[in-house]
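> Dumping the structure here so I can ask a few things about it.
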Amino acid sequence: MQVLNGRENEVVEMLREFNMGKYEARMYFTLLTIGESKVGTATKKASVPQSKAYSVLEGLGAKGFVELVRERPKAYRAKALGKVANLAIRAKQREIRELERYQSRLDKILRNVATLHQKYSGFRLFSPDYRR
Numbered sequence: 007m008q009v010l011n012g013r014e015n016e017v018v019e020m021l022r023e024f025n026m027g028k029y030e031a032r033m034y035f036t037l038l039t040i041g042e043s044k045v046g047t048a049t050k051k052a053s054v055p056q057s058k059a060y061s062v063l064e065g066l067g068a069k070g071f072v073e074l075v076r077e078r079p080k081a082y083r084a085k086a087l088g089k090v091a092n093l094a095i096r097a098k099q100r101e102i103r104e105l106e107r108y109q110s111r112l113d114k115i116l117r118n119v120a121t122l123h124q125k126y127s128g129f130r131l132f133s134p135d136y137r138r
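All letters in the sequence shown, in the order written, are residues 7 to 138 by the numbering used here.
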């Protein structure tokens, strides 16, 4: 990705925030740039090892970032960045909602345990998982 004039790490790091690995970010950006492409061509332009190309593209496909457009020879194209961003945003929003639920549950447990601990200070909070 020498064409990016030293900004390739910046591009990769931004895309990694969309739940992509390094090679996935390179491949996705390459497909965004060049459009529909055979696997070999995209792999070379993205500087992704050939041995990882299919698993990277399958991973991107499973996440909804690329789509297979031709079976033989296999060719892929990136989905629009706006769609990908919306997918990532919705996933992060789900994670936030889940964390908020955990926080609520932990607050309830903490209140109950703190009351017990004040009454009975000699008990353990966790069962030991080691052998004596």
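Glycine included, C-beta positions come from ideal geometry on N, C-alpha and C. It should be emphasised that the depicted structure is a prediction, and the values quoted were computed from it without experimental measurement.
From which residue to which residue does the beta strand (DSSP E) around A81 run?
Segment A81 to A84, the beta strand (DSSP E) holding A81.
> So what's L140 in DSSP terms, helix, strand or just coil?
Because the chain spans 7 through 138 in this model, residue 140 falls outside it and cannot be assessed.
> Start and end of the beta strand (DSSP E) containing R76?
Start and end: V72 to R76.
> Decide if the region 59-72 is in contact with the region 26-44; the criterion is three or more beta carbon pairs, one per stretch, under 8 angstroms apart.
Result yes; three or more Cβ-Cβ pairs closer than 8 angstroms.
> Is the CB-CB distance between K85 and F71 below 8 angstroms?
Closer than 8 angstroms, so yes.
> Would L38 pass as a contact of L87 if the rule is Cβ separation under 8 angstroms?
It is a contact, given that the beta carbons lie within the stated cut-off.
> Tell me which same chain residues have a C-beta within less than 7 angstroms of the C-beta of L21, skipping the five on either side of it?
Excluding sequence neighbours, L21 sits near A31, Y34 and F35.
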